[in-house]
Each structure stands twice: as structure tokens, then as C-alpha cells.
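Quick notes on the structure that follows.
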Amino acid sequence: MIEIKSLTKKYGDKTVYENFNLSIAEGSTVAILGASGSGKTTLLNVIAGLTPFEGIVPQLKCSYIFQTPRLVPNLTVKGNLQLICKDEKRVDEMIETAGLKDRAASYPLWLSGGEKQRVAIARAFLFGGDVMLMDEPFSSLDLKIKRQMFSLFFKMREQNPITVLTVTHDVDDAVELADRSIVISKGKIIFDSYQHFKDSSPKKEELRAAIVDALMQ
Amino acid sequence: MKKFFGKRKLNILFSAAAIFFMWLVWIIAAYAVGNQLLVPKFSQTMSEFFGLLADGSFWIALTFTLLRTLIAFIISFLLAAVCASAAALSDGARAALRPIVGFVRILPTLAVILLILRWTAGDRNIAPVIVTFLVLFPMIYAQLLASIDGIDGGLKEMAKVYKLSAREKLFSIYIPAVLPNTLSQTGANISLGLKIMISAEVLAFTLQGLGGKMQLANSGGYVATLAALTLMAVIFGLIIDVSISQLVRITDKWNKREGNDD
Numbered sequence: 001m002i003e004i005k006s007l008t009k010k011y012g013d014k015t016v017y018e019n020f021n022l023s024i025a026e027g028s029t030v031a032i033l034g035a036s037g038s039g040k041t042t043l044l045n046v047i048a049g050l051t052p053f054e055g056i057v058p059q060l061k062c063s064y065i066f067q068t069p070r071l072v073p074n075l076t077v078k079g080n081l082q083l084i085c086k087d088e089k090r091v092d093e094m095i096e097t098a099g100l101k102d103r104a105a106s107y108p109l110w111l112s113g114g115e116k117q118r119v120a121i122a123r124a125f126l127f128g129g130d131v132m133l134m135d136e137p138f139s140s141l142d143l144k145i146k147r148q149m150f151s152l153f154f155k156m157r158e159q160n161p162i163t164v165l166t167v168t169h170d171v172d173d174a175v176e177l178a179d180r181s182i183v184i185s186k187g188k189i190i191f192d193s194y195q196h197f198k199d200s201s202p203k204k205e206e207l208r209a210a211i212v213d214a215l216m217q
Numbered sequence: 218m219k220k221f222f223g224k225r226k227l228n229i230l231f232s233a234a235a236i237f238f239m240w241l242v243w244i245i246a247a248y249a250v251g252n253q254l255l256v257p258k259f260s261q262t263m264s265e266f267f268g269l270l271a272d273g274s275f276w277i278a279l280t281f282t283l284l285r286t287l288i289a290f291i292i293s294f295l296l297a298a299v300c301a302s303a304a305a306l307s308d309g310a311r312a313a314l315r316p317i318v319g320f321v322r323i324l325p326t327l328a329v330i331l332l333i334l335r336w337t338a339g340d341r342n343i344a345p346v347i348v349t350f351l352v353l354f355p356m357i358y359a360q361l362l363a364s365i366d367g368i369d370g371g372l373k374e375m376a377k378v379y380k381l382s383a384r385e386k387l388f389s390i391y392i393p394a395v396l397p398n399t400l401s402q403t404g405a406n407i408s409l410g411l412k413i414m415i416s417a418e419v420l421a422f423t424l425q426g427l428g429g430k431m432q433l434a435n436s437g438g439y440v441a442t443l444a445a446l447t448l449m450a451v452i453f454g455l456i457i458d459v460s461i462s463q464l465v466r467i468t469d470k471w472n473k474r475e476g477n478d479d
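Here the protein sequences line up with chains A and B, keeping their order.
Its first residue numbered 1, the first sequence is counted upward by one per residue in my numbering.
Its first residue numbered 218, the second sequence is counted upward by one per residue in my numbering.
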């Protein structure tokens, strides 16, 4: 269990979180939704250790798929992955799994948006760690590419099980990817699908409607 | 007019016009002043200029000046690169370097030359190198640090999350990001180094150098020779600047394969 306790985070005078608590079961995929400025990305950055905070957040080895791929421009696809993992065999296998075999020697500038994001996903799975953080990684992709990314994500997840915390503003993405959805507003959890549906397993439509209701509050 | 000439040809035309204008100012100034000890005639300066080209001692002096400039630049660049890398990787190093670099930057050049001449028992070859280093080092350090600080913050966060080592950050992110900017500034830095070197040679009376020759010409009242030597210094400064700019253009073409993904 990953437990965040009494998290307080402020940007100057603005308080984003005050005494925020969250427990995440290991191996689960949790989607975090909320309006812009509700602190979704801040939560990921706190967990990744990218921003200072007060409270108790376990020091975790995190992989992070950012909103933009953040690839090193002067390294090839393979070079970017080798920067994270020195095991060439594993890197080659990951390139194969990500469908990037033909692009292994390409530089980021030569790749399409979808291909770059594939590399970013491959990098995150190669790094592994205790938790994988995803900050709207598919938001800029068109529907077809997004579907391909989802399949790739599930395929890699199956081969490399890991706890996932994903931030999204797309309800469909949350329903599709996560087994638990949380809506945050003004630094508080206003909806948690685990609590809302208790022991029952909601249908996708029910879950979608409940999340939309929470977001409209 | 733009259509007839094209942009490149038009730029060459403007440059030629500017050179013609400067030449005209010279001719008018020489005529107006009417004293060759103050403003030498263009024709006399040109005669001295071509005389220098045939003079072996001029080429020896030029070689020594260029060598000293290159040595001062290389030392400045290497030390600035090491210090900027340390400052980029450690806030403590950055804080420690701030007063040191600040001190070097404000050191008065003339006073330093006199002190160095005293310390080096009057060795007039070392003082200009040290003075040029003292001017170039803080400037190159500031340029490198500004380039490093300008590196995409997203990449820095990625490096932190994925726990890249200091060596990996330096060689995979920092150096490749800083290199194009650094190369484009190298020509201007060496040209400035040459300018400072000649000034320092004049002040230190370094005989085996352009500055020393200028000082000698000035002492003897050979103003046309002084003007010809100045013209030579300008021409060689320009040659260095243009040559390095061309080199940068070639590396730019090579770097076209790169780019940022954000």
C-alpha cells in the first residue's frame, strides 16, 4: 500500500493541498480527475520528488510519462532507452514490444507525436520502479493513435506489472485505463469510485456517469 | 531594387557601401587634419600595409599574438567549462564561484599587467596571456552558465526522475544542448581575445607581438605603420570570426538531425 498522509502543498499564498490523505493499493491503476488547477499534476510531482511539500509521502522509485515525451533530442530512440537501462537485450525487447524496431536509430525530431509517446512509454516501463506516474500522456494524440497507445500500455503492463497513477481530464480515458477513479477539487477528494461503489463492480456507463456527476459539482 | 538584386546581393552591396563610407571618412579626415602624425594618408598607410606583408618580422609577431590569443582562449574556455559544469550540477559550487568570478570580472586590466610584470620578473610574454584570460574567463563562464540555465526544464525533470548520473546529465543533456550556442559565440570570443591581447601587448610592450610592434611604431612616430598594423589586426580578427562562423554553419547542418520534442 502506498500511503500519502497529511500532505500540504502551497505555491506562495495559494494552498493546493492541506492535510491531504490517499492510499493506493499496490498493483492498481488509479485515475485522478479534476478541473484545471485542482492540483492533479502537483500530486504526481510531489510523489516523484520534483517539488517540495510538507507531510508524509513515501520515497518511491517512480517512472513518469509526462504530458510531452521529454526525449533527449541528440540521442536516438535506442539511445534514449539505453540512458535508462544499460541492459541492451532488455532495451531491444522493449523496442520490439513498442513497435519501434524500424525507428530504433531515429532521432526524436524524425518521429511523429505517437512514436515519441511510444518511446516515452517504453522508457517508463524499462525503468520500472514502485509506481508509474502518467500526466495526461495521451491528451495530445488523435483517437486512432490513442487507441494504439492504450493497447501498448496494457500489453506492457501485462509483461511488467506496476502500480499506476494517471492524471487525466478525459472521463473515457479514466474508465478505460483505471480500476479506481478519484476526482479532486480544491485539494480534497470529492469522489472515489472505491468508496462510491463499495464492493460492487460498476458497469463502464455507471462509472462514467458517476465521475461526470462528481466533476460537475 | 530588392527583386533585381536578391537579399544576399543587397546585403553585400550595403556592406560595400559601408566600407566605402569609412574609406571616405578617412580620406576627408586626413585632408581636413592635414597632419600625417595625427591622421596618415590612405595611400601611405596602404604602402606600409603591403610592406608589412613582405616583412618576416611582422609575420613572426602576428604568429606569436595569435598563439597567445589561442592559448588564453583555450585556458579560459576549459576552466569556464569546468566551473560552469560544477555550477550546473551543484548549487553550492555555483554559490562558491559567484564571488570568485565576480572578482576576476572587475579586476582592472592595467593594474594587473603591472603586477604580473612585477611577479614574472618582467616577462612580457606571460602578462598579455593572463590579462586576456582574466577578461575572457568570466565572460565565457557567464555565457556557458546562461546556456545551461536555458536548457529545457522538462528534460532536467526527466533526468531527475529517471535518476541519471551527473556524467549522463552532462554528456547526454547539458553539453549537446550548450554546444551550438557555445560554438556560435567562439568566433566572437576569439576576436575579442585578439583585441584584448593586442591592447595588453601594447601596455606590456611585448616586442614579439602585434601590440609591441604598434608601441614601437607609436614611439618612433610612424603613424602610417601604426595604422597599417591596426588594419592588419582588424582583418585577422575578421578572418577568425568569419572562419569560425563557417565552421558553425557546417556543424549546424550536421545538427539538423536534432531537435526538441516538446
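Don't be surprised by glycine CBs; every beta carbon is placed ideally from N, CA and C.
A quick note: this is a predicted structure, and the numbers were derived from the prediction, not measured.
If you pair each beta-carbon of the segment 12-31 of chain A with each one of the segment 167-187 of chain A, do three or more pairs fall below 8 angstroms? yes
Of the residues that make up the segment 371-396 of chain B, which ones have a beta carbon closer than 7 angstroms to any beta carbon in chain A? Gly371, Leu372, Glu374, Met375, Lys377, Val378, Tyr379, Leu381, Glu385, Ser389, Ile390, Pro393
Length at least 4, wholly inside the segment 240-326 of chain B: the alpha helix (DSSP H) runs in chain order: 259-270, 273-306, 308-323
Residue range of the alpha helix (DSSP H) that includes alanine 225 (chain A): Shown here, chain A extends from 1 to 217; a query on residue 225 (chain A) therefore has no answer.
Counting only the same chain and skipping the five closest in sequence on each side, list residues whose C-beta sits under 8 angstroms from that of leucine 81 (chain A). The residue labelled residue 81 (chain A) in the question sits at position 81 within the first sequence. Correct list, in chain order: Val91, Met94, Ile95, Val119, Ala122, Arg123, Leu126.
Of all the CB atoms in chain A, is at least one closer than 9 angstroms to the CB of aspartate 369 (chain B)? Residue 369 (chain B) sits at position 152 when you count from the first residue of the second sequence. Interface residue, yes.
Any beta carbon from chain B within less than 9 angstroms of alanine 98 (chain A)'s own beta carbon? By 1-based counting over the first sequence, the position of residue 98 (chain A) is 98. Taking Cβ atoms only, chain B never reaches closer than 9 angstroms to alanine 98 (chain A), which makes this a no.
Residue span of the beta strand (DSSP E) that contains glycine 209 (chain A), given as start and end: Your numbering for residue 209 (chain A) matches position 209 in the first sequence. Correcting the residue type first, residue 209 (chain A) is alanine in the shown sequence and not glycine. That residue, alanine 209 (chain A), is in no beta strand (DSSP E); its alpha helix (DSSP H) goes 204-216.
List the residues that DSSP assigns as beta-bridge partners of tyrosine 64 (chain A). Position 64 of the first sequence, counted from the start, is the residue given in the question as residue 64 (chain A). Per DSSP, A:Leu133.
Can you give me, in chain order, the residues of the segment 101-121 of chain A that have a beta carbon less than 8 angstroms from any beta carbon in chain B? Tyr107, Pro108, Leu109, Trp110, Leu111, Lys116
Chain-ordered neighbours of alanine 48 (chain A) on chain B, where CB pairs are closer than 9 angstroms: Locating residue 48 (chain A) in the first sequence gives position 48, where the first residue counts as 1. Per Cβ cutoff of 9 angstroms: Glu374, Lys377, Val378.
Is it the case that the segment 417-435 of chain B contacts the segment 272-283 of chain B, given that we only count it when at least three CB pairs across the two stretches are under 8 angstroms? yes
In whole angstroms, give me the CA-to-CA distance for serine 264 (chain B) and alanine 289 (chain B). Counting from one through the second sequence, the residue named residue 264 (chain B) turns up at place 47. Counting from one through the second sequence, the residue named residue 289 (chain B) turns up at place 72. Those two C-alpha atoms are separated by around 33 angstroms.
Report the rounded CA-to-CA distance for glycine 367 (chain B) versus asparagine 398 (chain B), giving the unit in angstroms. Position 150 of the second sequence, counted from the start, is the residue given in the question as residue 367 (chain B). Position 181 of the second sequence, counted from the start, is the residue given in the question as residue 398 (chain B). The alpha-carbon atoms of glycine 367 (chain B) and asparagine 398 (chain B) are separated by roughly 11 angstroms.
Identify the residues that DSSP records as bridge partners of glutamate 418 (chain B): which are they? Indexing the second sequence from 1 puts residue 418 (chain B) at position 201. The partner list for glutamate 418 (chain B) (beta bridge, DSSP) is empty, contrary to what the question assumes.
Which residues, in chain order, does the segment 57-90 of chain A contribute to contact with chain B at a C-beta distance below 7 angstroms? Cys62, Tyr64, Phe66, Thr68, Pro69, Arg70, Leu71, Val72, Pro73, Asn74, Leu75, Leu83, Ile84
Using a beta-carbon distance below 9 angstroms, is phenylalanine 53 (chain A) in contact with chain B? Counting from 1 along the first sequence, the entry for residue 53 (chain A) is found at position 53. Output row for phenylalanine 53 (chain A): interface = no.
Residues of chain B with a CB under 7 angstroms from the CB of phenylalanine 127 (chain A): which are they? Reading the first sequence from its first residue, position 127 is the one you call residue 127 (chain A). Correct list: Tyr379.
In three-state terms, what does DSSP make of glycine 223 (chain A)? The requested residue 223 (chain A) is not part of the displayed model; chain A covers only 1 to 217.
Is the beta carbon of glycine 410 (chain B) less than 9 angstroms from the beta carbon of leucine 332 (chain B)? In the second sequence, counting from the first residue as 1, residue 410 (chain B) sits at position 193. In the second sequence, counting from the first residue as 1, residue 332 (chain B) sits at position 115. No, these two residues do not count as a Cβ contact at 9 angstroms.
Spatially closest choice to alanine 98 (chain A) from A:Gly37, A:Lys155, A:Lys186, by CA coordinates: Along the first sequence, read from residue 1 onward, the residue named residue 98 (chain A) stands at position 98. The shortest C-alpha separation from alanine 98 (chain A) is found at A:Lys155.
Counting only beta-carbon atoms, is lysine 9 (chain A) nearer than 9 angstroms to chain B? The count along the first sequence starts at 1 and reaches residue 9 (chain A) at position 9. No, no contact with chain B.
Is any heavy atom in the ligand FMN found nearer than 8 angstroms to the beta carbon of glycine 410 (chain B)? This structure does not include the ligand FMN; it has no bound ligands of any sort.
Are the segment 44-55 of chain A and the segment 133-141 of chain A touching, with three or more C-beta to C-beta distances below 8 angstroms? yes
Using a Cβ-Cβ cut-off of 6 angstroms (strictly less than) and excluding sequence neighbours within five positions of threonine 403 (chain B), which residues of its own chain qualify? Walking along the second sequence from the start, residue 403 (chain B) turns up at place 186. The answer, listed in chain order, is Ile461.
State the start and end residues of the unbroken alpha helix (DSSP H) segment that holds valine 46 (chain A). On the first sequence, position 46 is the one that residue 46 (chain A) refers to. Segment 40-48, the alpha helix (DSSP H) holding valine 46 (chain A).
Close-in-space but distant-in-sequence residues of the same chain around tyrosine 194 (chain A) (CB under 6 angstroms, 5 per side omitted): Within the first sequence, residue 194 (chain A) is the residue found at index 194, counting from 1. Here the set comprises Arg180.
Under three-state DSSP, which class holds glutamate 475 (chain B)? The residue you call residue 475 (chain B) lines up with position 258 of the second sequence. Confidence is the limiting factor: at glutamate 475 (chain B) the pLDDT is only 47, short of 50, which leaves the residue's position unreliable and the question unanswerable from this model.
What residue does the alpha helix (DSSP H) around glycine 27 (chain A) start on, and which one ends it? Within the first sequence, numbered from 1, the residue matching residue 27 (chain A) stands at position 27. No alpha helix (DSSP H) holds glycine 27 (chain A); DSSP gives it neither H nor E.
Do you know how far the Cα of glycine 454 (chain B) is from the Cα of leucine 433 (chain B)? Working through the second sequence from its first residue, we reach residue 433 (chain B) at position 216. Working through the second sequence from its first residue, we reach residue 454 (chain B) at position 237. Looking at the two C-alpha atoms, the distance is approximately 21 angstroms.
According to DSSP, simplified to helix, strand and coil, what is aspartate 340 (chain B)? Position 123 of the second sequence, counting from 1, holds the residue named residue 340 (chain B). Of the three classes helix, strand and coil, the one that applies to aspartate 340 (chain B) here is coil, per DSSP.
Run through DSSP, which three-state label would threonine 97 (chain A) get? Along the first sequence, read from residue 1 onward, the residue named residue 97 (chain A) stands at position 97. Note: threonine 97 (chain A) maps to helix in three-state DSSP.
Host alpha helix (DSSP H) of leucine 152 (chain A) (start-end): Numbered from 1 along the first sequence, position 152 holds the residue referred to as residue 152 (chain A). 143-159 is the span of the alpha helix (DSSP H), which, as asked, contains leucine 152 (chain A).
Do lysine 40 (chain A) and isoleucine 184 (chain A) come within 9 angstroms of each other at the CB atom, strictly closer than that value? Your numbering for residue 184 (chain A) matches position 184 in the first sequence. Your numbering for residue 40 (chain A) matches position 40 in the first sequence. Yes, the pair counts as a contact, with Cβ atoms nearer than the cut-off.
Counting only the same chain and skipping the five closest in sequence on each side, list residues whose C-beta sits under 6 angstroms from that of arginine 208 (chain A). Within the first sequence, the letter at position 208 stands for residue 208 (chain A). The answer, listed in chain order, is Val171, Val175.
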